[in-house]
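In full-length UniProt numbering, the protein residues as written are 1 to 317.
Data block below; observations after.
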Amino acid sequence: MRALSIDLGGTHATCAVVEDRTIHTSQVVPTDGDRKLRELLPVLADTLRKLAADAGLGLGQIEGIAVGFCGLVDRKNARVTSTNLKYTDATEVDLKTWAAEEFGLPIAVENDARLALLGEWYAGSGTSSNDIVMMTLGTGIGGVAMIDGRLLVGKHFQAGCLGGHLAARFDGSPCNCGGIGCAESEASGWALPRICRGWPGFESSSLAGMELNFQNLFQTADDGDLVALAVREHCIRVWARTAASLIHAYDPELVLIGGGVMRRGDLIVPYIQQYVKEHTWTPWGTVQVRPAMLGDSAPLLGAVPLIELIKRSELDV
Ligand SMILES: [Zn+2]
C-alpha cells in the first residue's frame with residue numbers, strides 16, 4: 001500500500017510518502033506549536049503534493065493519508081479532541097473534509113505516540129509481538145499499549161497514552177496535568193531544569209552553567225559530576241518504575257523504549273530490564289525491554305497499518 005504520512009509535532013511536521021515498510025521521500029516542515037493548524041494545512045498539502053511528484057506517483061496511486069498528532073485524537077471521527085496548548089484550533093478542524101477536498105483521499109488520524117507504536121510493531125523493534133507497551137522519553141513521557149494486536153483506545157481515546165502521568169511519587173512535584181509526582185514531573189525534559197536546580201549541591205555542579213537538557217545531563221554525568229550522576233540515576237529509576245507500572249497495568253510481553261535520550265540506550269535499557277526483572281509480578285517469565293529502532297520514522301511508518309485498521313473498522317460498521 002502507498003500512503004501519505006504526516007507526523008505533526010510541536011516544533012516541526014514531517015511529511016512523507018510511504019509504501020508498506022519503506023519511506024520513499026520525506027521532508028521536515030518547521031512549525032511552531034502556537035501556530036494555528038488551519039494556517040499550516042496549505043503548507044502541508046503543498047509539501048505532500050511535491051513529495052508524491054518526486055516519488056513519481058499520481059494521487060490515484062495513493063490509498064490514504066495518515067496523521068500522527070501530538071494530542072488526544074478521536075480516531076473514529078478523525079478529530080483532535082485535546083491539544084495541550086499546541087495548535088489550539090485543531091479541535092475545530094475537519095481533517096476528513098480537508099483530505100477529501102485537497103486530495104480526494106481518506107484520512108486516518110491518531111495520537112502520535114500510538115502511531116509510533118504501530119510503526120514499530122509493523123516495521124521496527126516490535127514485529128515479534130502483539131502485546132507491547134512503548135514509552136517515549138523526551139520533553140514529555142509518552143506511553144502506549146497494544147494488547148492482542150489492538151491499540152488500547154478507551155472511552156475518551158486516552159487509554160494507554162498517558163503513561164507519563166502514572167505517579168512515581170505521591171508527595172512529588174506538581175505536574176502540568178493537575179497531578180502530583182507524575183513520571184513526567186519527576187523525570188522528563190520539561191521538568192529537568194527544576195529537578196537539577198533543586199538538587200543539593202547544584203550550585204557547585206558543572207550543570208549550573210549549562211542548558212539543562214538530557215544530553216548535557218548524561219554527558220556531565222559521564223564526566224563524573226556527582227550531581228549529574230545522581231540526577232541521571234534518579235531519572236532512570238523513575239523511568240524504570242514507570243515501565244514496571246505499565247507492565248502491571250497492561251500485561252505486555254515487550255516494553256519498547258524510544259525518544260531522544262535513547263542515544264544512551266546502552267545505559268538505560270539494561271537498567272530498566274534489571275529493574276523490571278526484580279520488581280514486577282510476572283510469574284510466567286520476564287517482560288523483555290528493548291530500544292525502539294525507528295526513531296522519527298516510527299510514526300511515519302505507522303501509516304499503512306493505521307489506514308488498514310481504519311478501513312477494517314469501517315467495514316465492521
Ligand atoms: Zn501528570
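Heads up, the beta-carbon is just placed ideally off N, CA and C, and yes, glycines get one too.
Just curious, the alpha helix (DSSP H) that residue i is in, first and last residue?
{"i": "E233", "result": "226-250"}
{"i": "S185", "result": "183-187"}
{"i": "R197", "result": "192-197"}
{"i": "P270", "result": "265-279"}
{"i": "A168", "result": "Neither: A168 is in no alpha helix (DSSP H) and is coded neither H nor E."}
{"i": "A159", "result": "Run containing A159: none; DSSP gives neither H nor E here."}
{"i": "N216", "result": "214-222"}
Can you name the start and end residues of the beta strand (DSSP E) that residue i belongs to?
{"i": "N3", "result": "Reading off the sequence shown, one finds Ala at residue 3, where the question assumed Asn. Its beta strand (DSSP E) spans residues 2-8."}
{"i": "I257", "result": "254-258"}
Residue i bridges to which residues according to DSSP?
{"i": "C15", "result": "I6, Q27"}
{"i": "L305", "result": "Here the sequence assigns Pro to residue 305, which means Leu is not the residue at that position. Partner(s): none; P305 has no beta bridge."}
{"i": "I180", "result": "P174"}
{"i": "G143", "result": "M135"}
{"i": "L151", "result": "M146"}
{"i": "V289", "result": "V255"}
{"i": "T22", "result": "E19"}
When the cut-off is 9 Å and only beta carbons count, does residue i lie next to chain C?
{"i": "R241", "result": "Judged by its chain identifiers, the structure shown contains no chain C, having just a single protein chain."}
Segments of 3+ residues assigned as beta strand (DSSP E) that fall wholly inside the stretch 35-122: 64-69, 72-74, 79-82, 107-111
Check whether the stretch 262-275 and the stretch 217-237 are in contact - that is, three or more C-beta pairs closer than 8 Å. yes
Inter-stretch contact at 8 Å, needing at least 3 Cβ pairs: the stretch 283-290 / the stretch 39-52: no
Contact the stretch 119-128 vs the stretch 250-259: 3+ CB pairs below 8 Å: yes
Touch test, the stretch 160-168 against the stretch 184-200, Cβ-Cβ under 8 Å, three pairs minimum: yes
Does the contact criterion of 3 or more C-beta pairs under 8 Å hold for the stretch 95-105 versus the stretch 64-84? yes
State whether the stretch 152-161 contacts the stretch 175-182, with contact taken as three or more CB pairs (one from each stretch) at a distance under 8 Å. no
Mind the definition here: the stretch 107-122 touches the stretch 301-316 only if three or more C-beta pairs lie below 8 Å; say whether that holds. yes
Decide if the stretch 190-209 is in contact with the stretch 143-155; the criterion is three or more beta carbon pairs, one per stretch, under 8 Å apart. no
Are the stretch 82-96 and the stretch 49-57 touching by the rule of at least three beta carbon pairs closer than 8 Å? no
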